[in-house]
Amino acid sequence: LRLQFLLNVSAPQSASAPDLAAEKLLAATTAVGWVRDGMRVGLGTGSTAAPFITLLGQRVREGGLRIEATATSRASEELARQVGIPLLEPRRGLRFDLTVDGADELDAQLRLIKGGGGALLREKVIATASDYLLIVADSTKAVGQLGRFPLPLEVVPFALPWVMDAVADLGGAPVLRMDKQNPLEPAHSDQGNLLVDCHFQQIEDPAMLAAQLIVIPGMVEHGLFLGLARAAVVAQGGQAQVWRP
Ligand code: 5RP
Numbered sequence: 006l007r008l009q010f011l012l013n014v015s016a017p018q019s020a021s022a023p024d025l026a027a028e029k030l031l032a033a034t035t036a037v038g039w040v041r042d043g044m045r046v047g048l049g050t051g052s053t054a055a056p057f058i059t060l061l062g063q064r065v066r067e068g069g070l071r072i073e074a075t076a077t078s079r080a081s082e083e084l085a086r087q088v089g090i091p092l093l094e095p096r097r098g099l100r101f102d103l104t105v106d107g108a109d110e111l112d113a114q115l116r117l118i119k120g121g122g123g124a125l126l127r128e129k130v131i132a133t134a135s136d137y138l139l140i141v142a143d144s145t146k147a148v149g150q151l152g153r154f155p156l157p158l159e160v161v162p163f164a165l166p167w168v169m170d171a172v173a174d175l176g177g178a179p180v181l182r183m184d185k186q187n188p189l190e191p192a193h194s195d196q197g198n199l200l201v202d203c204h205f206q207q208i209e210d211p212a213m214l215a216a217q218l219i220v221i222p223g224m225v226e227h228g229l230f231l232g233l234a235r236a237a238v239v240a241q242g243g244q245a246q247v248w249r250p
């Protein structure tokens, strides 16, 4: 019960609906077992990465695990500090043995849509600086084809109208993300940029779309993560499966 409270895990809503909080906790618990003494660890962002950070902190405090970490968002950094994980500032040459992060969608090739939590830029930076990216996901994240989840984009504020025109020309329907606390104001990333959620419905060729998006002037980053994830822990019901591309 105490662990449930600490990790903000609630009881199942109904007998038939998947208990997503329990699936996230199971994926996170499984991923903590991948962390070894002495590792440099990238800490993801979101409601699946958060219990991973909390449990990892517990191993640091109570199990004597020695690790150093860098977080992919201010929120995850704050959580890591609270649970006692030593943090590293970005610096040249810094690489991570293992990064554990969530995803909004993943397919069988471990191509991902990320950025639902607005942290896609730092997440891609840390994933690229990692030898091993492990995704933690509940059962709703696994899809046959990417694109039902609107693709998050991080955009320089000045360039917003032209970026929206350009992604519409590529067949997307862009929507400026609004701030959850203040719905009349746009949401900002940790870098102070704007976030756009772009509805494509189905992404037939993720690699081609990624190549087209990244060259749009003012596009800081898009949420397609291709060829980065090495494995995923996907929890369904009481079982955690490890997927590899
Ligand atoms: C944040 C992300 C998250 O990893 C993604 O949104 C999944 O989050 P959650 O585990 O809460 O479903 O990309 O930018």
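Taking full-length UniProt numbering as reference, the numbering of the sequence shown is continuous, increasing by one, and the terminal residue is 250. Positions of the beta carbon are idealized from the N, C-alpha and C atoms, including for glycine.
Helix, strand or coil for residue i per DSSP?
i, result
"L214", "helix"
"L11", "Any reading at L11 must be qualified, since the residue scores a pLDDT of 37, below 50, and its modelled position is unreliable; the value itself is stated next. Reduced to three states, the DSSP call for L11 is helix."
"S194", "coil"
"R45", "strand"
"T75", "strand"
"V141", "strand"
"V220", "coil"
"F163", "helix"
"D202", "strand"
"L6", "The predicted position of L6 is uncertain, since its pLDDT is 31 and thus under 50; a value taken from the coordinates is nonetheless stated next. In the structure shown, L6 sits in coil (DSSP, three-state: anything other than H, G, I, E or B)."
"L30", "helix"
"P155", "coil"
"A240", "strand"
"A178", "strand"
How many Å lie between residue i and residue j at the Cα?
i, j, result
"G43", "A237", "22 Å"
"P70", "W39", "For the sequence presented, residue 70 should be read as Leu rather than Pro. Taking the straight line joining both Cα atoms gives about 12 Å."
"A245", "E28", "8 Å"
"N187", "H193", "11 Å"
"R182", "Q196", "15 Å"
"H227", "G68", "38 Å"
"R153", "S135", "28 Å"
"P56", "W167", "38 Å"
"A212", "G107", "20 Å"
"A215", "F101", "24 Å"
"R66", "I58", "12 Å"
"L151", "I208", "6 Å"
"R86", "L229", "29 Å"
"D210", "L31", "32 Å"
"Y137", "A22", "32 Å"
"L11", "L126", "Bear in mind that a pLDDT of 37 at L11, under 50, signals an unreliable position, so the model cannot answer this."
"R96", "V225", "21 Å"
Could you check whether residue j and residue i sit closer than 9 Å to each other, using their CB atoms as the reference points?
i, j, result
"P155", "V180", "yes"
"D143", "L25", "yes"
"G47", "I140", "no"
"A234", "L117", "yes"
"L93", "T75", "yes"
"A33", "A80", "no"
"L99", "R41", "no"
"I221", "A173", "no"
"F205", "G242", "no"
"V148", "L111", "yes"
"G122", "L158", "no"
Quick one: is residue i buried, meaning 16 or more other Cβ sit within 10 Å of its Cβ, or exposed?
i, result
"D184", "exposed"
"D202", "buried"
"V239", "buried"
"T249", "Before going on, a small fix: residue 249 reads as Arg here, not Thr. Exposed: under 16 other Cβ atoms inside 10 Å."
"P17", "The predicted model places P17 with a pLDDT of 47, which falls under 50 and marks its position as unreliable, so this point remains unresolved."
"P91", "exposed"
"G232", "exposed"
"E190", "exposed"
"G89", "exposed"
"V105", "buried"
"A113", "exposed"
"T53", "buried"
Can you check whether the C-beta of residue i is within less than 9 Å of a C-beta belonging to chain D?
i, result
"D106", "No chain D appears in this structure, which consists of one protein chain only."
Handout entry: Within the stretch 77-108, ranges of the alpha helix (DSSP H) (whole runs, at least 4 residues)
Key = 79-87
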